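*Asks:* Have a look at this one.
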Amino acid sequence: MEVLDVRNLKREEKYPLIFEKLRESEELDVIIETEPTPLIKRLKDEGYSVTTTQQGDYVKLEIRKPEIVPGRCPGAATILRPKLEIVNCPDCGAEVERWTDEIKGTCDNCGREIIFDIDSCIEWCEYAKKCVGDEKYEKIMEVMKVKEALSRPLPDLRKYIRKEREKNENQT
Ligand SMILES: [Zn+2]
Numbered sequence: 008m009e010v011l012d013v014r015n016l017k018r019e020e021k022y023p024l025i026f027e028k029l030r031e032s033e034e035l036d037v038i039i040e041t042e043p044t045p046l047i048k049r050l051k052d053e054g055y056s057v058t059t060t061q062q063g064d065y066v067k068l069e070i071r072k073p074e075i076v077p078g079r080c081p082g083a084a085t086i087l088r089p090k091l092e093i094v095n096c097p098d099c100g101a102e103v104e105r106w107t108d109e110i111k112g113t114c115d116n117c118g119r120e121i122i123f124d125i126d127s128c129i130e131w132c133e134y135a136k137k138c139v140g141d142e143k144y145e146k147i148m149e150v151m152k153v154k155e156a157l158s159r160p161l162p163d164l165r166k167y168i169r170k171e172r173e174k175n176e177n178q179t
């Protein structure tokens, strides 16, 4: 465990240094003159656990990794506490009901299979697996991969079509 002594640093240097070190290791012991109330509040807001102990004429802070409480992340709410939502079928425009944790569905009107957008941080959050659970995570990531693969050639194609259209318009 790295021990960072900030006692001889200027006031404006202390906190940035602590956060910089935490970005590297997520765990740190800090030696500081007095109990830094605003710093502790900030750390707790960011999910760290902080233990303070008075040791002689200084205070030792034991800052530990953010605690992941499954389901606490607001970004996972759409997955863990799904709500019913109405989306429009990309083909026929009919209204399709979906739960916010559903990734695939079928349009009742035209029968098209629809891959829904999942509005959540689980695509990029490093704690997502722990947060929503392995099974849900794997399932969603699998569909996301398919969706990404499907959407890749489309923007180019659209650009091409637009160019062609402009060409034709210029000619007439
Ligand atoms: Zn449809």
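Numbering-wise (my numbering), the sequence shown opens with residue 8 and increments by one. Yeah, the Cβ is synthetic: ideal placement off N, Cα and C, and Gly gets one too. If you're wondering where the values come from, they're calculated on a predicted model, not measured in any experiment.
#1: Between the beta-carbon of Glu40 and the beta-carbon of Arg14, is there less than 8 Å?
#2: Which runs of the beta strand (DSSP E) spanning at least 3 residues fall entirely within the stretch 27-83, listed in chain order?
#3: With Lys137 as the anchor, note down where its alpha helix (DSSP H) starts and where it stops.
#4: Could you tell me if the beta carbon of Arg119 falls within a distance shorter than 7 Å of some heavy atom in ligand 2?
#5: Does the stretch 112-125 come within contact of the stretch 56-75, defined as at least 3 CB pairs closer than 8 Å?
#6: Please classify Leu91: is it buried, with 16 or more other beta-carbons within 10 angstroms of its beta-carbon, or exposed?
#7: Tell me the residue span of the beta strand (DSSP E) that contains Asp12.
#8: What do you reckon, is the C-beta of Asn186 under 7 Å from a heavy atom of ligand 1?
#9: Check whether the Cβ of Asp1 sits closer than 7 Å to any heavy atom of ligand 1, and report yes or no.
#10: With 16 other CB atoms within 10 Å as the buried threshold, where does Asp124 fall?
#11: I want to check one thing, is the minimum distance from the CB of Cys80 to the heavy atoms of ligand 1 below 7 Å?
#12: Would you kindly check if the distance between the Cβ of Gly100 and the Cβ of Pro73 is under 8 Å?
*Replies:* Checking against the coordinates, here is how it stands:
#1: yes
#2: 35-39, 56-62 and 65-71
#3: Ala135 to Val139
#4: Ligand 2 is not among the ligands present in this structure, which contains only ligand 1.
#5: no
#6: exposed
#7: Val10 to Asp12
#8: Since the first and last residues shown for the chain are 8 and 179, residue 186 lies out of range.
#9: Shown here, the chain extends from 8 to 179; a query on residue 1 therefore has no answer.
#10: Exposed, since its Cβ has fewer than 16 Cβ neighbours within 10 Å.
#11: no
#12: no
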